[in-house]
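One structure below.
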Amino acid sequence: ALMQVTDGREEIIKRILIKLEGQPQSRYATPADAFNLWHIVPPARLLERLDPTLETIIYQDKGGGRFGVLLRTRDAARTLADFIAWERTLVSDVTPFLFNKSITATTTMFQDAAYRNIDWRFISLSETEDLGIGYMIFPAQNRVVLTTGRRAMEVLIDRLYDAR
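Using our numbering, you'd call the opening residue of the sequence shown number 15 and step up by one each time.
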């Protein structure tokens, strides 16, 4: 189960490792494992385009914790098309990532957003706090990023730029 993480600092990112214990050996979760764990059904071909590497994070600021998933794709254009097609059900599909927060916004469509010349898509799910679903493809590394907050996405974009 996901838990909110707090250690008093204003803005932090904590990496969460998901390890599956079992026979014949333990291993770290893949994107398919994570989607299965949370009963999320992604577009049919999406998983075929993703590398088995899964990074999950918690972004924490004074507004609370926001979840994020970082993946790698072998086909950025098709993966982006998969996510755009997934928008119709993406909010209800990834509800487990919202830490049981209430959806109070009346917005029903994803909007285009941009930060540091990176285009991404976001739907706000709260009228009063930074809560929503955002996704993007970071082109320099073919990274797919999915977050549950606007500020979390901006901080992850900063970190991806710093890591190049």
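Glycine included, each C-beta is placed from N, C-alpha and C at the ideal position.
Using 9 Å as the threshold, is the C-beta distance between residue i and residue j below it?
i: R130; j: Y175; result: yes
i: G163; j: Y73; result: yes
i: S140; j: T161; result: no
i: P38; j: W100; result: no
i: P110; j: I26; result: no
i: A127; j: Q155; result: no
Around the Cβ of residue i, are there at least 16 other Cβ atoms within 10 angstroms (buried) or fewer (exposed)?
i: D172; result: exposed
i: G82; result: buried
i: V169; result: buried
i: V180; result: This structure cannot speak to residue 180, because the chain is shown only from 15 to 178.
i: L51; result: exposed
i: A166; result: buried
i: R41; result: exposed
i: G22; result: Any reading at G22 is ruled out, since the residue's pLDDT is 49, under 50, leaving its predicted position unreliable.
i: R157; result: buried
i: L112; result: buried
i: E24; result: exposed
i: T122; result: exposed
Rounded C-beta distance between residue i and residue j? I'm assuming under 8 Å.
i: L68; j: L85; result: 7 Å
i: P45; j: L31; result: Actually they are not in contact, since the Cβ atoms of P45 and L31 sit about 14 Å apart, beyond 8 Å.
i: I71; j: K28; result: 6 Å
i: F152; j: I137; result: Going by Cβ atoms, the distance from F152 to I137 rounds to 19 Å, so no, they are not a contact pair.
i: D96; j: L60; result: 4 Å
Using a C-beta cutoff of 9 Å, does residue i count as contacting chain B?
i: A177; result: Reference to chain B is not applicable here, since this structure consists of a single protein chain.
Confirm the yes/no value for this check: CB of residue i, any heavy atom of the ligand GTP, distance under 8 Å.
i: L51; result: Only the bare structure without any ligand can be found here, which leaves the ligand GTP out of the picture.
On the three-pair Cβ rule with 8 Å, is the stretch 76-95 touching the stretch 134-153? yes
In chain order, what are the residue ranges of uninterrupted beta strand (DSSP E) at least 3 long that sit wholly in the stretch 70-99? 78-87
For the stretch 91-174, list the beta strand (DSSP E) runs that are entirely contained and at least 3 residues long, ordered along the chain. 125-129, 132-138, 146-152 and 157-161
Taking only runs of the beta strand (DSSP E) that begin and end inside the stretch 19-47, which ones reach a length of at least 3 residues, in chain order? 26-30
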